[in-house]
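Chains V and G are the protein sequences, given in the same order. Its first residue numbered 1, the first sequence is counted upward by one per residue in the working numbering. Its first residue numbered 257, the second sequence is counted upward by one per residue in the working numbering. No residue lacks a Cβ here, since even glycine has one placed at the ideal position from N, Cα and C. None of the values given here were measured: they were computed from a predicted structure. Data block below; observations after.
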Amino acid sequence: MKILLVRGVKKLDKNGKVISVKGVYKNYGKQTVLEGIDLDVTKGEIFGLLGPSGAGKTTLVKQLVGLEEASSGEVFLFDEKQPSLSLIEQIGYMAQSDALYTELSARENLEFFVSLYNLTKQERKERIKAVMKVVDLEDAMDKIVAKYSGGMKRRLSLAIAMLHEPQILILDEPTVGMDPILRKSIWESFNALKESGVTIIVTTHVMDEAEKCDRLGMIRNGKLIAIGSVDELKETAGVDNLELAFLKFGGEQHAS
Amino acid sequence: MRVKALVIRILKQFKRDKRTMALLILAPILVLSMLYLVFGDDDYSPRIGLVDIPEEIADQIDLSEAEITYYDEESSAYQDVEEQNLDAYLTIEANQPSITLEGSDPVINSAVLNWMQEAFEPLTGQSSSQLDATFIHGNEDMRHFDYFGPVLLGFFIFFFVFLISGVSFLRERTRGTLERLLSSPLRKWEIVMGYVIGFGLFTIIQATIISTYSIFVLGMMMEGTYIYVLLITLFLSFSALTLGILLSSFAHNELQMIQFIPIVIVPQLFFSGLFNLETISGWVSWIGPLTPLYYAADALRNVMVRGLGFEHIYIQLLVLLSFSVVFVVMNIIVLRQHRRV
Ligand SMILES: Nc1ncnc2c1ncn2[C@@H]1O[C@H](COP(=O)(O)OP(=O)(O)OP(=O)(O)O)[C@@H](O)[C@H]1O
Ligand SMILES: [Mg+2]
Chain V
1 MKILLVRGVK KLDKNGKVIS VKGVYKNYGK QTVLEGIDLD VTKGEIFGLL GPSGAGKTTL
61 VKQLVGLEEA SSGEVFLFDE KQPSLSLIEQ IGYMAQSDAL YTELSARENL EFFVSLYNLT
121 KQERKERIKA VMKVVDLEDA MDKIVAKYSG GMKRRLSLAI AMLHEPQILI LDEPTVGMDP
181 ILRKSIWESF NALKESGVTI IVTTHVMDEA EKCDRLGMIR NGKLIAIGSV DELKETAGVD
241 NLELAFLKFG GEQHAS
Chain G
257 MRVKALVIRI LKQFKRDKRT MALLILAPIL VLSMLYLVFG DDDYSPRIGL VDIPEEIADQ
317 IDLSEAEITY YDEESSAYQD VEEQNLDAYL TIEANQPSIT LEGSDPVINS AVLNWMQEAF
377 EPLTGQSSSQ LDATFIHGNE DMRHFDYFGP VLLGFFIFFF VFLISGVSFL RERTRGTLER
437 LLSSPLRKWE IVMGYVIGFG LFTIIQATII STYSIFVLGM MMEGTYIYVL LITLFLSFSA
497 LTLGILLSSF AHNELQMIQF IPIVIVPQLF FSGLFNLETI SGWVSWIGPL TPLYYAADAL
557 RNVMVRGLGF EHIYIQLLVL LSFSVVFVVM NIIVLRQHRR V
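Put into structure tokens, the structure is as follows:
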């Protein structure tokens, strides 16, 4: 697996934190979707956000990207407050829905998105090739995206998020609709990226995927009910399986 | 540079979406052609009654191109006109021809008046301009395809550009690509400009084809300079496309975009000169000057019907430009709801 290089490294927080979420609340009208989220992510970490549907994962992730603003509280990336224009090039964001131009081919989509960044022609070509290799879509490069399968669109979407070699990858359910073999190879490339210093945030509600994260934040009803490595979480909950741990933390939350 | 990338992408999408492209060009052409066929038929032979015309005069009038009936009494001719068996009747008093028209159909009116002018040419040696015409219904101000042609030309260009640009931008939002653009280094103004230029380029082609077709194929009245017509339609298109993008922010799906048509688009047609502005009720007449089409229609009419020059359209062009600028600024403000910086 080709290791993707990281460009123009930004300075880190004094504690090595790349992402720092401080007391974030988010309301939509009367509904409180995020309730006091505090969270730190260090450089080169794969951080998973685990939670059931409607828990607020996507909402939280959008605060990180800067596409939405907290009702109260703050989000810092590299010690800079979001939303900030200077942070945009450091982030690769893959939304939960595949934001693609379906009437264009994969190549045309990639060419468009890559040309939004300051890269030379040669670099662009190399980048497009590299990311399509990671998601194993090289052979479908010139196919119109409307003719892609669901999983292929997901992969193309992931490829686009990685195009500009961002230092932070924020991926909202990246592997939905992918088969186990492909999922495995995508996770291998996540690990390779991580080795090169990229910080990755993934949301998921699949336990076996959560197991692969360095650290996990369990989120439920807009609250972060537990945070730690997989082993730590199991240990604290006194169970040997993540699903049980999740239920336990959720239950405790209700009891308190 | 980034704007260029956006423009290229929009043009590529156009190229892929042949149906939309065809709609933008062919639909206005089709509608204008149909209106022309319905309203613009110049071959109509009016049915004219001659009431008690001295023979020596009747001999000198050119009676071809009309269906002529002779009457002795004016009252019986009047009755036939009322019953719509006759379009008009002619009387001559003290060597002064006088025509009475049924008057409710502007197409027939102009056919009758045209016939009169030609018919009396042999008699007077010149086309008599001081015809004494009486309208039983309607009035002389109801004119013809030539008169509302420029309004319709502007309207259909506006309508389709508005719809297509609005739907395209709406799609950008609903399928999440707008969010993706906003999480890229693209600035908000660059997004709006990319759309303005991308659609603008296509609009130049569209406005040119439609204007050219209307003038040279349909034979819409064209007294002034052709290039001014292109200039006006282009400026109008810009206001349509910036308004379309702006309003798309307030629609959640394509159907809601269509719902803007009766609210935003159709009133423009009513209040921008298709109907006589002086006759519009006072309490709604303020609407016209708030709409881009009002200015475009006025400018188009100045050029196409009145044959006036640039000094009679530049103010309207400036107003149209101001509309576009205001809409662009509002677009950028609206995009702030997606990303503040
Ligand atoms: N724009 C919005 N307006 C109003 N409510 C919203 C909006 N976006 C999300 N919500 C609400 O916020 C809550 C959390 O939604 P969110 O999309 O963050 O969940 P999620 O954890 O990502 O779920 P899933 O796993 O299904 O994607 C839901 O109850 C949802 O209805
Ligand atoms: Mg979600």
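Residue i classed as buried or exposed, judged by whether at least 16 other C-beta atoms fall within 10 angstroms
i, result
"Q82 (chain V)", "buried"
"R265 (chain G)", "buried"
"T489 (chain G)", "buried"
"G48 (chain V)", "buried"
"Q167 (chain V)", "buried"
"L4 (chain V)", "Its pLDDT being 46, under 50, L4 (chain V) is placed unreliably by the model, and the measurement read from it follows with that caveat. Buried, since its Cβ has 16 or more Cβ neighbours within 10 Å."
"R562 (chain G)", "exposed"
"I392 (chain G)", "exposed"
"K57 (chain V)", "buried"
Chain-ordered neighbours of residue i on chain G, where CB pairs are closer than 7 Å
i, result
"G66 (chain V)", "R595"
"I19 (chain V)", "Per Cβ cutoff of 7 Å: no residues; I19 (chain V) is ~15 Å from chain G at best."
"E69 (chain V)", "R596"
"E89 (chain V)", "P441"
Residue i: contacting residues in chain V (beta-carbon distance under 8 Å)
i, result
"R265 (chain G)", "Y101, L104, E108 and F112"
"T433 (chain G)", "A99, L100 and Y101"
"R258 (chain G)", "S115 and L116"
"R436 (chain G)", "Y93, A95, A99, F113 and I160"
Nonlocal neighbours in the same chain, by C-beta distance under 8 Å from residue i, ignoring five residues either side
i, result
"V368 (chain G)", "P302, I304, D343, A344, I355 and L357"
"D315 (chain G)", "none"
"S84 (chain V)", "G66 and L77"
"Y300 (chain G)", "V363, I364 and A367"
Residue from the options with nearest C-alpha to residue i
i, options, result
"S72 (chain V)", "V:G54, V:F78, V:F249 and V:V33", "V:V33"
"S105 (chain V)", "G:E339, G:Q269 and G:S332", "G:Q269"
"A283 (chain G)", "G:I413, G:D318, G:G422 and G:V473", "G:I413"
"V131 (chain V)", "V:K147, V:F76 and V:L110", "V:L110"
"L503 (chain G)", "G:I420, G:E374 and G:V575", "G:I420"
"P523 (chain G)", "G:I471, G:I483 and G:V407", "G:V407"
"G480 (chain G)", "G:R258, G:I266, G:T347 and G:N558", "G:N558"
"Y61 (chain V)", "V:K121, V:D172 and V:P52", "The residue you asked about is not Tyr; residue 61 (chain V) is Val in the sequence shown. Of the listed residues, the one whose Cα sits closest to V61 (chain V) is V:D172."
"K271 (chain G)", "V:I19, V:E108, V:R154 and V:G222", "V:E108"
"P310 (chain G)", "G:E321, G:N341 and G:N351", "G:N351"
"E68 (chain V)", "V:G51, V:N27, V:E45 and V:S149", "V:N27"
"I571 (chain G)", "G:V540, G:A496, G:F491 and G:S505", "G:F491"
"G500 (chain G)", "G:D308, G:R431, G:F583 and G:Y469", "G:F583"
"L319 (chain G)", "G:M478, G:M449, G:I519 and G:F376", "G:F376"
"K147 (chain V)", "V:L100, V:P174, V:K121 and V:I128", "V:L100"
"R154 (chain V)", "V:A95, V:L244, V:D208 and V:R124", "V:A95"
"I521 (chain G)", "G:K444, G:E323, G:G422 and G:V294", "G:G422"
"L348 (chain G)", "G:M586, G:M277, G:I313 and G:M290", "Checking the sequence shown, residue 348 (chain G) turns out to be Ile, not Leu. It is G:I313 whose Cα lies nearest to the Cα of I348 (chain G)."
"I588 (chain G)", "G:Y451, G:V473, G:L474 and G:V540", "G:Y451"
Residues that residue i contacts on chain G, provided the C-beta gap is smaller than 8 Å
i, result
"P83 (chain V)", "R595, R596 and V597"
"Y148 (chain V)", "In chain order: nothing, as chain G lies at least about 14 Å away."
"Y117 (chain V)", "S440 and P441"
"Y25 (chain V)", "Neighbours of Y25 (chain V) on chain G: none; closest Cβ ~17 Å, over 8 Å."
"E74 (chain V)", "Those within 8 Å of E74 (chain V) in chain G number zero; the least Cβ separation is about 14 Å."
Same chain, Cβ closer than 6 Å to residue i, neighbours up to 5 away in sequence not counted
i, result
"G151 (chain V)", "G177 and M178"
"K17 (chain V)", "D40 and T42"
"H164 (chain V)", "Y117"
"L434 (chain G)", "E428"
"M476 (chain G)", "G405 and S470"
"L442 (chain G)", "R258"
"E446 (chain G)", "R258 and V259"
Near ligand 3: residue i beta-carbon under 7 Å from a heavy atom
i, result
"Q96 (chain V)", "In terms of ligand content, the structure shown lacks ligand 3 and carries ligand 1 and ligand 2 instead."
Same chain only: Cβ atoms within 7 Å of residue i, ignoring 5 sequence neighbours per side
i, result
"S528 (chain G)", "V407, G544, T547, L549, Y550 and A553"
"N221 (chain V)", "A55"
"I569 (chain G)", "Y484, I488, A555, N558 and V559"
"T65 (chain V)", "Reading the sequence as shown, one finds Val at residue 65 (chain V) and not Thr. Closer than 7 Å at Cβ, skipping near neighbours: I91, Y93 and I170."
"L564 (chain G)", "G480 and N558"
"F113 (chain V)", "I160 and L163"
"E209 (chain V)", "T175"
"D467 (chain G)", "With the sequence shown as reference, residue 467 (chain G) is identified as Ser, and Asp is not the correct amino acid for it. The residues are L409, V485, L486 and T489."
Where residue i meets chain V, residues with beta-carbon distance less than 7 Å
i, result
"Q269 (chain G)", "Y101, E103 and L104"
"R272 (chain G)", "E103 and L104"
Closer than 9 Å at the beta carbon, the chain V residues around residue i
i, result
"A278 (chain G)", "Simply none; closest approach about 15 Å."
"A322 (chain G)", "Within 9 Å Cβ-Cβ: nothing; A322 (chain G) doesn't reach chain V, min ~57 Å."
Neighbour list for residue i in chain G, Cβ cutoff strictly below 9 Å
i, result
"E123 (chain V)", "Within chain G, no residue comes near E123 (chain V); the closest Cβ sits about 14 Å away, beyond 9 Å."
Q | Touching by the beta-carbon criterion (3+ pairs, under 8 Å), the stretch 579-595 of chain G and the stretch 429-444 of chain G | A | yes
(Q) Taking 8 Å as the cut-off, does the stretch 444-461 of chain G touch the stretch 509-518 of chain G (at least 3 CB pairs, one atom from each stretch)? (A) no
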